[in-house]
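This report refers to the structure that appears directly beneath it.
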Amino acid sequence: MHTRELAAPPSFPALYARSLLRRPTRRLDFPRTRIVLRDQRFDVDRLTEFCRLTGFPVRDEVALPFPQVVAFGLQVDLMVREPFPFSVVGVLHVQQEFEQTRALDVGERFDLSVRAVGMLPHRRGATVELRTELTVAGERAPVWTGRSSYLARGVDWPGIPRDAARLDAPAGEGTVWRVPADLGRRYGAVSGDVNPVHVSPLTARAFGFRRAIAHGMWTASRALADLGGPALGAARYEVDFGSPLHLPSTVRHVVRREPDGWSSAVRSRNGSKVHLATRLRRA
Numbered sequence: 670m671h672t673r674e675l676a677a678p679p680s681f682p683a684l685y686a687r688s689l690l691r692r693p694t695r696r697l698d699f700p701r702t703r704i705v706l707r708d709q710r711f712d713v714d715r716l717t718e719f720c721r722l723t724g725f726p727v728r729d730e731v732a733l734p735f736p737q738v739v740a741f742g743l744q745v746d747l748m749v750r751e752p753f754p755f756s757v758v759g760v761l762h763v764q765q766e767f768e769q770t771r772a773l774d775v776g777e778r779f780d781l782s783v784r785a786v787g788m789l790p791h792r793r794g795a796t797v798e799l800r801t802e803l804t805v806a807g808e809r810a811p812v813w814t815g816r817s818s819y820l821a822r823g824v825d826w827p828g829i830p831r832d833a834a835r836l837d838a839p840a841g842e843g844t845v846w847r848v849p850a851d852l853g854r855r856y857g858a859v860s861g862d863v864n865p866v867h868v869s870p871l872t873a874r875a876f877g878f879r880r881a882i883a884h885g886m887w888t889a890s891r892a893l894a895d896l897g898g899p900a901l902g903a904a905r906y907e908v909d910f911g912s913p914l915h916l917p918s919t920v921r922h923v924v925r926r927e928p929d930g931w932s933s934a935v936r937s938r939n940g941s942k943v944h945l946a947t948r949l950r951r952a
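Residue 952 is where the sequence shown ends in our numbering, and the numbering goes up by one at each step.
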């Protein structure tokens with residue numbers, strides 16, 4: 670495993686510009702490179718805006734999904750600068766998992782690392798799995814770990830596609846959300862994820878969507894906020910992304926209490942489509 674250290678968080682405009690010029694490698698493999706960013710602190714203003722946009726309370730503890738927002742630039746850097754057989758523009762977030770061993774304080778210093786751990790065939794292309802680890806200064810084991818699965822459509826990856834196990838999606842009336850048309854631009858300003866499928870109908874149509882679609886991370890974070898906010902202490906949150914959530918939309922968030930946590934689903938207004946299914950477990 671080769672390690673490439675960054676001196677500062679990467680620039681999203683520069684990365685996306687580079688992605689438009691870069692040709693995907695023809696080699697059916699993925700790079701064994703670990704991207705590392707050391708001695709960081711959480712941006713309090715950015716965290717505050719994230720909480721306000723997703724529904725989390727603003728507290729000294731870091732909202733469970735927020736390290737993924739911080740690490741997303743490293744993920745894009747990895748997929749743009751290393752030789753993957755796809756372009757990062759247009760990839761879709763299909764699964765996500767977060768796990769923390771304890772609550773993170775907003776003032777803690779930490780190191781971040783991102784690496785690819787595998788690629789698998791998919792009926793619509795191939796999926797790449799990225800692993801993110803956050804290690805706090807003075808502690809050897811990661812305090813926060815993320816597993817992200819992205820779909821690169823059209824990649825002819827060898828092997829037989831196998832459907833991953835899916836989370837159960839509760840049904841029912843739920844809570845109504847009204848998701849505004851400008852959400853993609855607003856969340857992109859906070860997260861840095863300015864993928865064209867999120868920012869406008871015109872750019873989304875270039876990638877096969879009739880309208881702009883909401884960021885999966887916004888939907889997952891908003892659902893977790895509904896489940897009780899910051900999920901203090903040790904916790905694990907799993908997410909399956911389903912049908913794209915077009916902007917604007919009216920949807921329902923359905924929650925079901927479980928013996929050790931909660932399950933939930935974000936469904937279309939009439940309940941026929943599942944945009945997202947989640948499972949939260951507290952250790």
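All C-beta atoms, glycine included, are put in the ideal place defined by N, C-alpha and C.
{"Item": "If the criterion is Cβ atoms closer than 8 Å, does the pair Pro-917 and Ala-850 meet it?", "Value": "yes"}
{"Item": "By DSSP's criteria, Thr-804 is part of a beta bridge. Which residues make up the other side?", "Value": "Asp-780"}
{"Item": "Using the Cβ count rule (16 or more neighbours within 10 Å means buried), how would you classify Asn-864?", "Value": "buried"}
{"Item": "List the endpoints of the continuous beta strand (DSSP E) containing His-922.", "Value": "918-927"}
{"Item": "From the DSSP output, in three-state form, read off Arg-891 for me.", "Value": "helix"}
{"Item": "Quickly, what does DSSP pair Ala-821 with across the bridge? List them, please.", "Value": "Ala-795"}
{"Item": "Is the CB-CB distance between Val-908 and Thr-947 below 8 Å?", "Value": "yes"}
{"Item": "What residues in its chain sit with their C-beta under 7 Å from that of Arg-880, if we drop five residues either side in the sequence?", "Value": "Pro-870, Ala-873, His-915 and Leu-916"}
{"Item": "Please classify Leu-914: does DSSP put it in a helix, a strand, or coil?", "Value": "coil"}
{"Item": "Quick one: any contact between the stretch 838-852 and the stretch 924-935, if contact means 3 or more CB pairs under 8 Å?", "Value": "yes"}
{"Item": "Can Val-805 and Phe-767 be called in contact, C-beta distance under 8 Å?", "Value": "no"}
{"Item": "Answer with buried or exposed for Leu-773, where buried requires no fewer than 16 other C-beta atoms within 10 angstroms of its C-beta.", "Value": "buried"}
{"Item": "If we call anything under 8 Å between Cβ atoms a contact, is Thr-672 one with Phe-753?", "Value": "no"}
{"Item": "Report back the beta-carbon spacing between Ser-860 and Val-738 to the nearest angstrom; my notes put them in contact at under 8 Å.", "Value": "5 Å"}
{"Item": "Name the residue from Asp-895, Ser-941, Arg-925 and Tyr-906 whose alpha carbon lies nearest to the alpha carbon of Arg-721.", "Value": "Asp-895"}
{"Item": "Report the option in Leu-781, Val-758 and Arg-951 whose CA atom is closest to the CA atom of Arg-809.", "Value": "Leu-781"}
{"Item": "Would you mind working out which of Arg-728, Asp-708 and Arg-707 sits nearest Thr-717, comparing C-alpha positions?", "Value": "Arg-728"}
{"Item": "Rounded to whole angstroms, what is the Cα-Cα separation between Leu-689 and Ser-890?", "Value": "29 Å"}
{"Item": "Whole-angstrom Cβ separation of Ala-785 and Phe-699, contact assumed at under 8 Å?", "Value": "5 Å"}
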